[in-house]
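Asks:
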Amino acid sequence: MDSVITQKPHAICIPFPAQSHIKAMLKLAKLLHSRGIPITFVNTKYNHNHFLKSGGPDSLAGLPDFRFETIPDGLPPSDSGSTQNVIDLFESVSSVIVQ
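All residue numbers for the sequence shown refer to this note's numbering, where the first residue is 2 and numbers rise by one.
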């Protein structure tokens, strides 16, 4: 008899690195996680650091099967209190993703 291997689904959420896109994707990720689906949420280092800064160092910890990973956005480091230039961000992300 053939055995069926069933694997638990795993969602990888990669939003465009702009605030409204991140918030919407995070809501979707939390909804999927509440249904028992493990999540890997991929964010740029810049936005990840903003999350940590706004919510404290433990703001992204504590949920089992909900991981945060970071990727570069391709832009040079900027002042942590500033916002990123949307046009530069779009061009940079496009070039980093296409590679």
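Positions of the beta carbon are idealized from the N, C-alpha and C atoms, including for glycine.
Predicted, not measured: the structure shown is a model, and the values here were computed from it.
With Asn50 and Ile23 assumed to form a contact (beta carbons below 8 Å), what rounded beta-carbon distance in angstroms separates them?
Replies: Position 49 of the sequence shown, counted from the first residue, corresponds to residue 50. Position 22 of the sequence shown, counted from the first residue, corresponds to residue 23. The Cβ separation is near 13 Å, so there is no contact.
Asks: Between the Cα of His11 and those of Glu92, Asp74, Phe67 and Asp89, spot the shortest distance and give me the residue it belongs to.
Replies: Position 10 of the sequence shown, counted from the start, is the residue given in the question as residue 11. Cα-wise, what sits closest to His11 is Phe67.
Asks: Are the beta-carbon atoms belonging to Pro16 and Met26 less than 8 Å from one another?
Replies: The count along the sequence shown starts at 1 and reaches residue 16 at position 15. The count along the sequence shown starts at 1 and reaches residue 26 at position 25. Yes.
Asks: Can a CB atom of chain D be found closer than 8 Å to the CB of Pro10?
Replies: Looking at the structure shown, chain D is missing, and only one protein chain is on hand.
Asks: How many whole angstroms separate the CB atoms of Pro18 and Asp74, which I take to be in contact at a CB cut-off of 8 Å?
Replies: Locating residue 18 in the sequence shown gives position 17, where the first residue counts as 1. Locating residue 74 in the sequence shown gives position 73, where the first residue counts as 1. Yes, they are in contact, since the Cβ atoms of Pro18 and Asp74 sit about 6 Å apart, within 8 Å.
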